[in-house]
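Asks: The structure under discussion is supplied below as structure tokens; questions concerning it will follow.
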Amino acid sequence: MQILDIIMNEMDSAAIRLDAALKRLEVALEAHLTRAGDPAALRAEIFALAQDRSRLAQELDEALAREQELQALADEASEALSAAILEVRAALGPEDKEPGDGQG
69 MQILDIIMNE
79 MDSAAIRLDA
89 ALKRLEVALE
99 AHLTRAGDPA
109 ALRAEIFALA
119 QDRSRLAQEL
129 DEALAREQEL
139 QALADEASEA
149 LSAAILEVRA
159 ALGPEDKEPG
169 DGQG
């Protein structure tokens with residue numbers, strides 16, 4: 069009977085240690101899940117962030133294309149303005165040149 073008592077005491081001790089270890093594991097797991105959050109919610113958030121990134125990338129591409137269009141229009145307007153200035157100067161003739169240019 070003595071051997072049986074020793075085995076039972078060791079089993080009780082092992083059960084107590086196992087119970088304590090499981091409690092520590094539960095606490096650690098709960099803390100981890102609290103920090104990490106709900107996995108389904110995290111997946112949904114990651115999906116939403118990926119969609120936002122795609123949308124923002126598309127908006128950036130559109131804005132860059134629009135910027136190129138506007139730059140082309142600005143260049144065209146600048147050329148047209150320069151041509152108009154030359155035409156006005158030519159129409160005014162040489163007598164209206166600014167003083168100090170050696171003529172007039």
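Terminal number for the sequence shown in this note's numbering: 172, no gaps in between. Glycine included, C-beta positions come from ideal geometry on N, C-alpha and C.
(1) Is Asp-106 helix, strand or coil when you go by DSSP?
(2) Short check: CB of Leu-110 to CB of Ala-118, under 9 Å?
(3) From Ala-151 to Ala-158, what distance separates their C-alpha atoms?
Replies: Here's the rundown:
(1) Position 38 of the sequence shown, counting from 1, holds the residue named residue 106. Coil.
(2) As a working note, residue 110 is residue 42 in the sequence shown. As a working note, residue 118 is residue 50 in the sequence shown. Not in contact: Leu-110 and Ala-118 (Cβ atoms no closer than 9 Å).
(3) In the sequence shown, residue 151 corresponds to position 83, counting from 1. In the sequence shown, residue 158 corresponds to position 90, counting from 1. The alpha-carbon atoms of Ala-151 and Ala-158 are separated by roughly 11 Å.
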